[in-house]
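Asks:
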Amino acid sequence: MAEKTLLEKLEGLQHKFDEISTLITDPSVISDQKRYVKLNKEYHDLEKILTAKNEYELALGHLAEAKELLDSETDSEMREMAKLEIDEIEPKIPVMEENIKLLLIPVDPEDNKNAIVEIRGGTGGDEAAIFAGDLFKMYTKYCETKGWKLEITNISEGTSGGYKEIIFTVSGENVYGTLKYESGVHRVQRVPQTETQGRVHTSAATVAVLPEAEEFDIELKESDVRVDTFCSSGAGGQSVNTTYSAIRLVHIPTGITVQCQDEKSQHKNKAKAMIELRSRIYAIEHQKYLDEIGSKRKTMVSTGDRSAKIRTYNYPQGRITDHRINFTIYNLSAFMNGDIQSVIDNLIVAENAERLKDSEL
Numbered sequence: 012m013a014e015k016t017l018l019e020k021l022e023g024l025q026h027k028f029d030e031i032s033t034l035i036t037d038p039s040v041i042s043d044q045k046r047y048v049k050l051n052k053e054y055h056d057l058e059k060i061l062t063a064k065n066e067y068e069l070a071l072g073h074l075a076e077a078k079e080l081l082d083s084e085t086d087s088e089m090r091e092m093a094k095l096e097i098d099e100i101e102p103k104i105p106v107m108e109e110n111i112k113l114l115l116i117p118v119d120p121e122d123n124k125n126a127i128v129e130i131r132g133g134t135g136g137d138e139a140a141i142f143a144g145d146l147f148k149m150y151t152k153y154c155e156t157k158g159w160k161l162e163i164t165n166i167s168e169g170t171s172g173g174y175k176e177i178i179f180t181v182s183g184e185n186v187y188g189t190l191k192y193e194s195g196v197h198r199v200q201r202v203p204q205t206e207t208q209g210r211v212h213t214s215a216a217t218v219a220v221l222p223e224a225e226e227f228d229i230e231l232k233e234s235d236v237r238v239d240t241f242c243s244s245g246a247g248g249q250s251v252n253t254t255y256s257a258i259r260l261v262h263i264p265t266g267i268t269v270q271c272q273d274e275k276s277q278h279k280n281k282a283k284a285m286i287e288l289r290s291r292i293y294a295i296e297h298q299k300y301l302d303e304i305g306s307k308r309k310t311m312v313s314t315g316d317r318s319a320k321i322r323t324y325n326y327p328q329g330r331i332t333d334h335r336i337n338f339t340i341y342n343l344s345a346f347m348n349g350d351i352q353s354v355i356d357n358l359i360v361a362e363n364a365e366r367l368k369d370s371e372l
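Set out below in C-alpha cells:
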C-alpha cells in the first residue's frame, strides 16, 4: 500500500527530531552560530513534516475505523454516518500524501534568506530605463502587500526617468524563496513616451535576485577589501557633494565591486555595502548550486539565469506572459501595481511538479 511505504519513510524522523531538539539547547551548539542556524532550520522543517505525518496517520485511522464500521454495522443510520465519513476522508488522503512528499524533498536552503535585487535597463535606451523604473515600482508595491522591508542601496538614474540601475535589499519571511523567480530578462512592448509616430517598441530590463549572505555564511577578510570613499550624487539635500559619505568596496581576490550612497552616514553606507559584497561573493557558490540543479532538469523555472527571457509585458493587449510555464494573464495594470502573486504561485506549482517528478518518492 502507498500509505505504508510513505509511513515507512517517515519512521526515523521522530528520533532525528528529538535528537535535534536536544542539540539546539546545548550551549556549545548555540555558541557555534553557523551550526545552530542550520540545526534550527532543520528542526522547523522536521516539525512541519511530523505535524503533516500525525494528521495523515489520524486520517488513515479514522478511515479504517469508518470502513470497519461499514462492514460490521447493520444499523442503517450508523452505516450512513460511516459512508459520509469515508466520503469526507478519502479525497483528502492523496492531497496529504502529495504534501508530505513535497515536504520530504530538500528545498533550496537559501529560500528563507533576505534578498538583494538589482534591476538594470537593457536594450532600448531611455525606454529601457523607464521600464526598469516601472519594475521597481511594481516590486515596491508587492513588498508592501507582503509586509516586507525594502531598502535602496544604489541608484543610477535614467536621463528621461526611471533607472539605468537600481539595487535594493528586501527583508522579511521567505523573501528569496519568493523573489528568486523574478531573475531573468523582462521584455516590454509598448509605445514609448518619446515616440512621436505611435509605434510599438520592444525594450528590456534584467532582474537579478541574490540571497543575502549572513556573516557566518562566508568569511570576509578585511585585508581582502579595499575601501574607497567619495561624495554622494543625486537627490539628497545639502549633504550631497559636500561630505565623503558614499562608500565603494572592492574585493581584491575576485574583483567584485559594490557601492552604497543611499545613507548620509559613511558608517551606515559601509555596513550596507559589506552585506551586498558578502552576498555577491556568496552568490558565486550559490550559482554553482543552481547550475547543478538546472543541469539535472530540462525546465528549471528558477535557474537565476540573467540572460533567459522570462516574461513579456504587452501594453497594447494588456497582457503578461511568463515564457517558462506558458502562462498568460490579461491584468497588466493590476500586475504593474504589485499584483504579481498569481504568476509566482503558478511558477511554484510548476517547480513543485518537477521536484516530485525528479524524486523517488
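Residue numbers (this note's numbering): 12 to 372. Yeah, the Cβ is synthetic: ideal placement off N, Cα and C, and Gly gets one too.
According to DSSP, simplified to helix, strand and coil, what is residue 211?
Replies: Against the sequence shown, residue 211 aligns to sequence position 200. The answer is coil: DSSP assigns residue 211 none of H, G, I, E or B.
Asks: On a Cα-Cα basis, can you pick out the residue from 68, 337, 123 that is closest to residue 101?
Replies: The residue given as residue 101 occupies position 90 in the sequence shown. Among 68, 337, 123, the Cα nearest to that of residue 101 belongs to 68.
Asks: By DSSP, does residue 178 sit in helix, in strand, or in coil?
Replies: For the purposes of this step, residue 178 is taken as the residue at position 167 of the sequence shown. Here residue 178 sits in strand by DSSP.
Asks: Sorted by chain position, which residues of the same chain lie with C-beta nearer than 8 Å to residue 309's C-beta, five sequence neighbours on each side aside?
Replies: As a working note, residue 309 is residue 298 in the sequence shown. Its pLDDT being 44, under 50, residue 309 is placed unreliably in this model, and the coordinates cannot settle the point.
Asks: Sorted by chain position, which residues of the same chain lie with C-beta nearer than 6 Å to residue 264's C-beta, five sequence neighbours on each side aside?
Replies: Translated into positions along the sequence shown, residue 264 becomes position 253. Excluding positions up to five away in sequence, the list reads 235.
Asks: What separation, rounded to the nearest whole angstrom, lies between the Cα atoms of residue 352 and residue 358?
Replies: By one-based count along the sequence shown, residue 352 stands at place 341. By one-based count along the sequence shown, residue 358 stands at place 347. Distance between the alpha carbons of residue 352 and residue 358: 10 Å.
Asks: Excluding the 5 residues preceding and the 5 following residue 153 in the sequence, name in chain order all residues of the same chain whose CB lies nearer than 7 Å to its CB.
Replies: In the sequence shown, counting from the first residue as 1, residue 153 sits at position 142. Excluding residues within five positions, the ones whose Cβ falls inside 7 Å are 349, 351.
Asks: Who are the Cβ neighbours of residue 354 in its own chain at under 6 Å, not counting the five residues just before and after it?
Replies: Numbered from its first residue, the sequence shown carries residue 354 at position 343. Excluding sequence neighbours, residue 354 sits near 333.
Asks: At the level of alpha carbons, what is the spacing between residue 150 and residue 193?
Replies: Counting from 1 along the sequence shown, the entry for residue 150 is found at position 139. Counting from 1 along the sequence shown, the entry for residue 193 is found at position 182. Residue 150 and residue 193: Cα-Cα distance of roughly 10 Å.
Asks: Shortest alpha-carbon distance to residue 195 belongs to which of 162, 146, 75?
Replies: Here the question's residue 195 lines up with position 184 in the sequence shown. Residue 195 has its Cα closest to that of 146, out of 162, 146, 75.
Asks: Alpha carbons only, please: which of 109, 179, 335, 160 is nearest the one belonging to residue 143?
Replies: By one-based count along the sequence shown, residue 143 stands at place 132. Closest by alpha carbon: 179.
Asks: Figure out for me which residue from 203, 331, 365 has the closest Cα to the Cα of residue 339.
Replies: What you label residue 339 is simply residue 328 of the sequence shown in a count that begins at 1. It is 331.
Asks: Whole angstroms is fine: what's the gap from residue 112's alpha carbon to residue 161's?
Replies: Counted from its first residue, the sequence shown places residue 112 at position 101. Counted from its first residue, the sequence shown places residue 161 at position 150. Taking the straight line from one Cα to the other gives about 34 Å.
Asks: DSSP has residue 172 in a bridge; who is on the other side?
Replies: Residue mapping note: residue 172 aligns to position 161 of the sequence shown, counting from 1. Answer is 170.
Asks: What does residue 324 pair with, by DSSP beta-bridge criteria?
Replies: Against the sequence shown, residue 324 aligns to sequence position 313. Its beta-bridge partners are 199, 331.
Asks: With H, G and I counted as helix, E and B as strand and the rest as coil, what does DSSP make of residue 82?
Replies: Your numbering for residue 82 matches position 71 in the sequence shown. Residue 82 falls in the helix class under three-state DSSP.
Asks: From the DSSP output, in three-state form, read off residue 154 for me.
Replies: Numbered from 1 along the sequence shown, position 143 holds the residue referred to as residue 154. In this structure, residue 154 counts as helix in the three-state DSSP scheme.
Asks: With burial defined as no fewer than 16 other Cβ atoms inside 10 Å of the residue's Cβ, what is the status of residue 232: buried or exposed?
Replies: Residue numbering aside, residue 232 sits at position 221 when the sequence shown is read from its first letter. Classification for residue 232: exposed.
Asks: Quick check on residue 265: does DSSP put it in helix, strand or coil?
Replies: Counting from 1 along the sequence shown, the entry for residue 265 is found at position 254. Reduced to three states, the DSSP call for residue 265 is coil.
Asks: In the DSSP assignment, find the alpha helix (DSSP H) that holds residue 126 and state where it starts and stops.
Replies: Your numbering for residue 126 matches position 115 in the sequence shown. It is not in any alpha helix (DSSP H) - residue 126 instead sits in the beta strand (DSSP E) that spans 126–132.
Asks: The beta strand (DSSP E) with residue 238 in it runs from where to where?
Replies: Here residue 238 corresponds to residue number 227 of the sequence shown, with the count starting at 1. Unbroken beta strand (DSSP E) run through residue 238: 236–241.
Asks: Would you mind reading off the limits of the beta strand (DSSP E) that contains residue 340?
Replies: As a working mapping, residue 340 is identified with position 329 in the sequence shown. It spans 338–340 - the beta strand (DSSP E) in which residue 340 sits, taken as one unbroken run.
Asks: From which residue to which residue does the alpha helix (DSSP H) around residue 186 run?
Replies: Here residue 186 refers to the residue found at position 175 of the sequence shown. Run containing residue 186: 186–190, per the alpha helix (DSSP H) assignment.
Asks: Looking at the strands, I want to know which residues DSSP matches up with residue 259.
Replies: In the sequence shown, the residue the question calls residue 259 occupies position 248. Note: residue 259 sits in a beta bridge opposite 239, 270.
Asks: In the DSSP assignment, find the unbroken alpha helix (DSSP H) run with residue 31 in it and report its ends.
Replies: Within the sequence shown, the letter at position 20 stands for residue 31. It spans 24–34 - the alpha helix (DSSP H) in which residue 31 sits, taken as one unbroken run.
Asks: Which partner residues of residue 111 appear in the DSSP bridge assignment?
Replies: In the sequence shown, the residue the question calls residue 111 occupies position 100. Per DSSP, none; premise fails for residue 111.
Asks: Nearest by alpha-carbon distance to residue 186: which of 134, 257, 122 is it?
Replies: Translated into the one-based positions of the sequence shown, residue 186 becomes position 175. Cα-wise, what sits closest to residue 186 is 122.
Asks: Would you mind stating whether residue 321 and residue 291 have Cβ atoms separated by less than 8 Å?
Replies: Taking the first residue of the sequence shown as 1, we reach residue 321 at position 310. Taking the first residue of the sequence shown as 1, we reach residue 291 at position 280. Contact flag unset, no.
Asks: How many angstroms separate the CA atom of residue 22 from the CA atom of residue 16?
Replies: For the purposes of this step, residue 22 is taken as residue 11 along the sequence shown, with counting starting at 1. For the purposes of this step, residue 16 is taken as residue 5 along the sequence shown, with counting starting at 1. If you take the alpha carbons of residue 22 and residue 16, they lie about 10 Å apart.
Asks: Kindly confirm or deny that the stretch 129–141 and the stretch 198–211 touch, where touching means at least three C-beta pairs closer than 8 Å.
Replies: yes
Asks: Please return the same chain residues whose Cβ sits closer than 7 Å to the Cβ of residue 118, not counting the five positions on each side in sequence.
Replies: For the purposes of this step, residue 118 is taken as the residue at position 107 of the sequence shown. Contacts found: none.
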